[in-house]
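Chemist:
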Amino acid sequence: MDFDLSQNQTMFRDMVRDFARKEIAPIAQEMDEQSGMPDDLIAKMRDSGFFGLAFPEQYGGLGADTVTYGLVVEELAKASAGVCVMLTVHNSVGSYPVAMFGSEDIKREYLPRMAAGEIAAFCVTEPGAGSDAAALTTTARKDGDAYILDGSKIFVTNGSRAAFFVVVARTPGTTGHRDTHAFIVPRETPGLTVGKKEDKMGLRASDTTVVDFSGAKVPAACLLGSEGDGFKIAMAALDGGRIGIAFQALGIGMACLEEAVRYAAVREQFGKPLLKQPVIGNMIADMGTELEAARLLALQAAWLKDSGRPYGKQAAMAKLASSEAAWRAADKAVQIHGGYGFCKEYPVERYYRDVRVTRIYEGTSEIQRLVIARHLGRDYV
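Letter 261 of the sequence shown, counting from 1, is numbered 264 in our numbering, and no numbers are missing.
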């Protein structure tokens, strides 16, 4: 068993770590306060190839494997979880359905543009369909050689900036997941409207919007996979996306650990640094141990995906373990900082807000447990 990273994986990680420390971390608090990220930062990330990280080389991407992708995501999340989620959605759920289920013509038309930095988004969640994704009501009515989309999607990451939307909709008058379909929909499609930007607790550097469809006419060629594949495509995208969220949570958790250790090393109470107080040392030890254990699960899930093996169970385990460990790490980091942890002057306040959503999106912790239990039931019964 080899736990060493390859030279290429180490190179990617170190390159992104350097970029994140120089270009992202210094403005992370400002982006949080202003609820957005500057265009020049996005341009720098385009120039560095970040938008094509997980895309096949034949379509203009860097062709990074999933382990490399995870390492990159962790480094970005340490600097700014908001910037990180913008890139992870683009590189995973926003583009994976096109790369895996699109026709060759669709791949050639859209993937090079995405890899070059035209941003992608993923539209599944609706006001009445969150964890129960099969309950969606957005419809796709066949009209000759096109489909007419009607309905609303919420919590769409990258909605304000996206050039393309992967959309899951159903045949009118149907229920369940069998009559759902997935499409790639360009932003300029008549009838597609990007609605309000949500005012969020965390990840404030990234935009999250409503996307409405009112008679939006989409060519039949934009259908991903076959008719009826929508739910399957969404679940496949989310399996891979959960690996990204696991590494995102790890990045936030590691940032919490690093800040807590640095603060505890210099803050003195009762005549000695907090780091030498057993109760604080125990908290830090728990943070580090839980995060390292979660990282091994995330790396295993990424390795399985790269190996072409089933990885759904491990992805759910990694997402659950990483998000819960990172949440506990953020809570402990704020506690170690005491009153200062409640002030925006210290980054742990932002980490605490940012990490909370990792237990919600791309499948809540409760849904991850259901997924894991189903897999274990098949494994042992």
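Glycine included, C-beta positions come from ideal geometry on N, C-alpha and C.
Leaving aside the five residues before and after G366 along the sequence, list all residues of the same chain whose C-beta is less than 8 Å from its C-beta, in chain order.
Modeler: S134, L241, R245, A319, K322 and V374
Chemist: By the three-class DSSP mapping on this structure, what secondary structure does G66 have?
Modeler: coil
Chemist: Skipping 5 residues on each side, what residues in its chain have a beta carbon closer than 7 Å to that of A267?
Modeler: P276, L277, L278, I283, I287 and I339
Chemist: Note the first and the last residue of the continuous alpha helix (DSSP H) segment covering S326.
Modeler: G315 to H340
Chemist: Do V170 and L152 come within 8 Å of each other at the CB atom, strictly closer than that value?
Modeler: yes
Chemist: Between which two residues does the beta strand (DSSP E) harbouring F216 extend?
Modeler: T211 to P222
Chemist: How would you write the range of the beta strand (DSSP E) that C126 sits in, first residue to last?
Modeler: A123 to C126
Chemist: Output needed for S106: all residues of its chain with C-beta closer than 8 Å, excluding positions within five of it in sequence on either side, in chain order.
Modeler: A224
Chemist: Please look up how many angstroms separate the CB atoms of A336 and G344, rounded, as I've assumed it's under 8 Å.
Modeler: 7 Å
Chemist: CB K81 to CB A149, shorter than 8 Å?
Modeler: no
Chemist: Could you pull out every residue in the same chain whose Cβ sits closer than 6 Å to the Cβ of G247, ignoring the five residues on either side in sequence?
Modeler: V76, T91 and S95
Chemist: Give me the Cβ distance between S155 and D215, rounded to the nearest whole Å; I'm assuming they're in contact under 8 Å.
Modeler: By a beta-carbon distance limit of 8 Å, S155 contacts D215. Their separation comes to about 5 Å.
Chemist: Which residues in the same chain have their Cβ closer than 7 Å to the Cβ of Y393, if we skip the five residues on either side of it in sequence?
Modeler: Given that the chain is displayed from residue 4 to residue 384, the structure contains no residue 393 and the question cannot be resolved.
Chemist: Just verifying my parser: in three-state terms, what is the DSSP assignment at G71?
Modeler: According to the sequence provided, residue 71 is Thr. The question's Gly does not apply to it. It is helical.
Chemist: When DSSP labels each residue in this structure, what does Y150 get in the three-state scheme?
Modeler: strand
Chemist: Is A252 helix, strand or coil by DSSP?
Modeler: helix
Chemist: Quick check on the burial criterion: 16 or more other C-beta atoms within 10 angstroms. Buried or exposed for C346?
Modeler: By the beta-carbon neighbour count (other beta carbons within 10 angstroms, threshold 16), C346 is exposed.
Chemist: Three or more beta-carbon pairs under 8 Å between the region 251–264 and the region 183–197, yes or no?
Modeler: In short, these stretches do not touch, since the Cβ pair count stays below three.
Chemist: Among the candidates D5, L226 and A119, whose CA atom is the shortest distance from the CA of E60?
Modeler: A119
Chemist: Could you work out which residue in L56, G73 and A332 is closest to L114 when comparing CA atoms only?
Modeler: L56
Chemist: Near R372, what residues of its chain come up, given a Cβ to Cβ distance below 7 Å and the 5 sequence neighbours on each side ignored?
Modeler: L323
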